[in-house]
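See below for the structure under consideration.
Numbering (my numbering), first residue to last: 983 to 1215.
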């Protein structure tokens, strides 16, 4: 099925676009656009990771196509100076749609059903790893954009509250995802209740609203990833 190829390509995309790219490098791309050397390096990394994920040199042309389209999308995106949730979502949707199209074409036209010749258990690990990454940096970015778009008070990037919120939110989503996968739904309720008790009595209204909204968004993302994995695995 093309879904197998899609998920190995998705994992390569998530690693390249989020784990191997910093906020400062993204800022350089926005500033210099197609004149930014990192834009080309980043796209080459995406292409290389896609090829490694497939683990077959015959896929090189498609990996190159993924890298080139990634370069074009990111380059055009850089012309939109103002960051927003819609820019972030549309950028990721375009990348993901291209991966899905490439996976479908390769399977339908070339019958590349099992990429890499890897054992079946690998294709269970890959979606779980993809969901874990989504619950990490992409989720933190998405939650912040949503809170900003709702005009809520969001801590500055360099503040201890901001870093603590990212860490707690990531751990929270990973735990919820793990409990969903093993079917321990009752522990999720205990986790949410315990976190709420810790914040009980908070006097700062802005921080309380920020905490509640962020928690609900965080839980929603984790549950969504868990339900999706449940339908795939």
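Glycine residues also receive a C-beta, built at the ideal position from the N, C-alpha and C atoms.
Cβ separation of residue i and residue j, assumed to be a contact under 8 Å, to the nearest whole Å
i, j, result
"residue 1021", "residue 1069", "So it is not a contact: roughly 16 Å between Cβ atoms."
"residue 984", "residue 1122", "That belief does not hold up - the Cβ atoms of residue 984 and residue 1122 are roughly 30 Å apart, past 8 Å."
"residue 1048", "residue 1071", "Incorrect: roughly 20 Å between the Cβ atoms, too far for contact."
Proximity below 9 Å, CB of residue i to CB of residue j
i, j, result
"residue 1039", "residue 987", "no"
"residue 1164", "residue 1201", "no"
"residue 1152", "residue 1174", "no"
"residue 1001", "residue 1119", "yes"
"residue 1149", "residue 1205", "no"
"residue 1110", "residue 1211", "yes"
"residue 1075", "residue 1131", "no"
"residue 1055", "residue 1077", "yes"
"residue 954", "residue 1166", "Not covered by the structure: residue 954. The range shown for the chain is 983 to 1215."
"residue 990", "residue 1025", "no"
"residue 1084", "residue 1044", "yes"
"residue 1034", "residue 994", "yes"
"residue 1115", "residue 1203", "no"
"residue 1088", "residue 1041", "yes"
"residue 1112", "residue 992", "yes"
"residue 1060", "residue 1011", "yes"
"residue 1128", "residue 1199", "yes"
"residue 1028", "residue 999", "yes"
Coarse secondary structure for residue i, derived from DSSP in three states
i, result
"residue 1109", "helix"
"residue 1165", "coil"
"residue 1120", "helix"
"residue 1138", "coil"
"residue 1103", "coil"
"residue 1088", "helix"
"residue 1072", "helix"
"residue 1066", "coil"
"residue 1215", "coil"
"residue 1132", "coil"
Terminal residues of the alpha helix (DSSP H) in which residue i lies
i, result
"residue 1004", "Neither: residue 1004 is in no alpha helix (DSSP H) and is coded neither H nor E."
"residue 1033", "1019 to 1036"
"residue 997", "From DSSP, residue 997 is part of no alpha helix (DSSP H); its letter is neither H nor E."
"residue 1045", "1042 to 1059"
CB contact below 9 Å: residue i versus chain C
i, result
"residue 997", "The structure shown contains no chain C, having only a single protein chain."
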